[in-house]
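Report on the structure given below.
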Amino acid sequence: MQLNICQKRHDSPMAGHPGQEKTFKLIKRDLYWAGMTQFIKDYVSPCQKCSRNKNIHHKKFGLLKPLQIPSGPWNSLSMDFITELPLSNNSDSILVVVYRFSKMAIFIPAYGAITALELAQIFISHVFSKHELPVSTFSDRGSLFVSSFWTNLCQQLRISIALSTAFHPETDGQTERVNQIPEQYLQMYFSYHQDDWNTWLPLAEFSYNNAEYLSTKKSPFFTIYGRNPSFDSIHISQDSPAGKLSKKLQSVKKFVKEDLESEIRRFKKYADRNRTIPPNFQPGDNICLASKNINTTRSTKKLAERWPGPFEVIKKI
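The opening residue of the sequence shown carries number 8 in the numbering used here; numbering runs sequentially from there.
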């Protein structure tokens with residue numbers, strides 16, 4: 008009897024698979040029995056359709072694992088794109104490259120949906136030719152895209168080096184924050200028709216690299232060269248002997264590293280407010296998978312199951 012009532016007030020199309028509280032209220036309109044709350048909880052909790060199709064409302068599983076601080080100014084970088092810009096000198100997007108230690112940025116005009124091969128060609132022309140080969144690179148475009156980019160890069164350079172690549176959409180938010188800078192700068196200076204932003208992009212890059220970065224308290228230029236660049240008539244000479252400059256650069260890099268460590272601690276503390284320790288799944292457990300990065304054979308992903316499964320855990324890595 009009670010099971011039949013729950014089926015009608017939870018499973019039926021008229022009920023619509025509501026949650027525990029709403030199912031309780033639907034049943035309570037007409038009926039009540041001792042232990043009803045627990046009975047409904049035990050019935051609704053294991054419902055497979057609810058588990059596979061409903062949004063989750065708890066904190067994200069997994070505490071933030073910040074990226075390791077790079078050991079040198081050119082060792083590690085992140086990449087992202089600013090897209091859907093008005094056409095300007097055959098460009099409609101910007102590739103933003105940010106070195107994670109110095110925060111030095113390179114703004115590169117691009118066109119259309121960049122392939123991994125085209126990205127490798129752009130990288131050689133605008134990044135590798137001016138600096139050294141990075142040890143690690145990060146992007147929110149997915150690890151397969153970054154791996155394909157690195158494969159094409161190695162083929163064109165005729166080298167074979169293993170690169171640490173990763174899909175890190177929520178690591179430190181560095182490139183996403185930097186993306187706002189050229190957008191804001193171009194809004195200040197480009198024409199009414201917005202078709203000349205390409206000509207302003209190099210100055211936007213200079214402006215960003217010449218400004219003090221919040222976490223390091225130094226401009227990217229200063230972090231790399233030990234001094235700020237001259238860019239107008241209001242300038243006081245910063246020339247110093249080579250030995251003194253070398254010591255200054257070492258001191259700057261030491262302070263930058265300490266500032267970055269402090270920023271990472273603050274960022275992790277803030278990010279972990281909305282996260283929780285993940286479940287400790289073991290072999291033999293049945294789990295559902297998030298379908299966000301899983302391709303489906305159904306006609307539209309919009310109405311596909313959000314949490315397909317359950318699947319058995321075979322091995323814990």
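Note that the Cβ used here is the ideal one computed from N, Cα and C, for glycine as well.
Boundaries for Pro227: no beta strand (DSSP E) harbours it, while the alpha helix (DSSP H) harbouring it runs 227-232, taken from the DSSP string. Straight across, the Cα-Cα distance linking Ser109 with Lys67 is about 31 Å.
Distance from the CA atom of Leu38 to the CA atom of Gln14, rounded to whole angstroms, is 14 Å. With fewer than 16 other CB atoms across the displayed protein chains lying within 10 angstroms of its CB, Arg280 is exposed. When secondary structure is reduced to three states using DSSP, Pro25 falls in the coil class, being assigned neither helix nor strand. The DSSP-derived three-state label of Lys61 is coil.
Around Ile34, the same chain offers Ile12, Cys13, Arg16, Met43, Ile47 as residues with beta carbons nearer than 8 Å, after the five sequence neighbours per side are excluded. As DSSP reads the structure, Ala117 sits in a beta bridge with Ser100. Counting only runs of 4+ residues, the alpha helix (DSSP H) found wholly inside the stretch 120-163 occupies 123-130, in chain order. Closest option to Gly26, judged by alpha-carbon separation, among Met8, Pro53, Ala127, Trp40: Pro53. Note that the C-beta distance between Ile115 and His133 is below 8 Å. Contact between Ser143 and Ser98 does not hold, since the beta-carbon distance rounds to 28 Å and is not under 8 Å. With fewer than 16 other Cβ atoms from the protein chains shown falling within 10 Å of its own Cβ, Trp40 counts as exposed. For Tyr50, the three-state secondary structure derived from DSSP is helix. Closest in C-alpha terms to Lys275, from the list Asp292, Gly69, Phe229, Thr30, comes Gly69. In the three-state DSSP reduction, Asp87 falls in the strand class (E or B). By the neighbour-count definition (other C-beta atoms within 10 Å, threshold 16), Arg273 is an exposed residue. Exclusion of the five residues before and after Glu312 leaves Arg59, Asn60, Ser298 as the residues of its chain whose Cβ lies within less than 8 Å of its Cβ.
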